[in-house]
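Heads up: take any position in the sequence shown, counting from 1, add 406, and you land on my numbering.
Structure first, then comments.
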Amino acid sequence: MPGDESLNPVIKALQDKLAEEITLIDLSKESSFADTFILATGNSEVHMRTLLDNVSETLDRIGSNYRIEGENSPKWILLDAGNMVINIFSREGRNFYRLESIWANAETTRLDD
């Protein structure tokens, strides 16, 4: 994975709120729009919102500029922080969008739950 220092606080923010299936996809050799996708699954809409709030607070604290898309979606919330894109899914959304399959050629790291 890229040595981006902003990854660790974001991963910790997701882990602190018990995100499931945290996965990092290294896109640095695959695309020009981002270096890393971080995928995480919430077990309910409330849990997804909690993950969003904690990641947003973390990005604010480390001074990252970002924008949020799908904030009210029950399936997928995206935080675009430039070279890092954080995807927060419901189980249904993760199965539907299957980003791991789309980026199958990229290096993928699954963090233990």
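Idealized CB from N, CA, C, for every residue including glycine.
Subject >> contact_flag[the stretch 503-512, the stretch 417-425] where n(CB pairs < 8 Å) is 3 or more >> reply: no
Original post:
Going by other Cβ atoms of all chains shown within 10 Å of its Cβ, with 16 needed for buried, is Phe443 buried or exposed?
Top reply: buried
Subject >> Proximity winner among Asn489, Arg516, Arg500 and Ser462, relative to Glu411 (alpha-carbon distances) >> reply: Asn489
Original post:
Between the Cα of Arg473 and the Cα atoms of Ser479, Leu465 and Pro480, which residue gives the shortest distance?
Top reply: Leu465
**OP:** Using the Cα positions of Ile492 and Ser462, report the straight-line distance between them to the nearest angstrom.
**Re:** 10 Å
**OP:** Identify which residue in Ala487, Ala512 and Asn414 has its Cα closest to the Cα of Glu436.
**Re:** Ala512
**OP:** Assign Thr447 to one of two classes, buried (16 or more other C-beta atoms within 10 Å of its C-beta) or exposed (fewer than that).
**Re:** buried
**OP:** Within 10 angstroms of the Cβ of Arg516, are there 16 or more other Cβ atoms? Answer buried if so, exposed if not.
**Re:** Residue environment for Arg516: exposed (fewer than 16 other C-beta atoms within 10 angstroms of its C-beta).
Original post:
Who pairs with Ala487 in a beta bridge, going by DSSP?
Top reply: Per DSSP, Met490.
Original post:
Using DSSP with H/G/I as helix, E/B as strand and the rest coil, what is Leu424?
Top reply: coil
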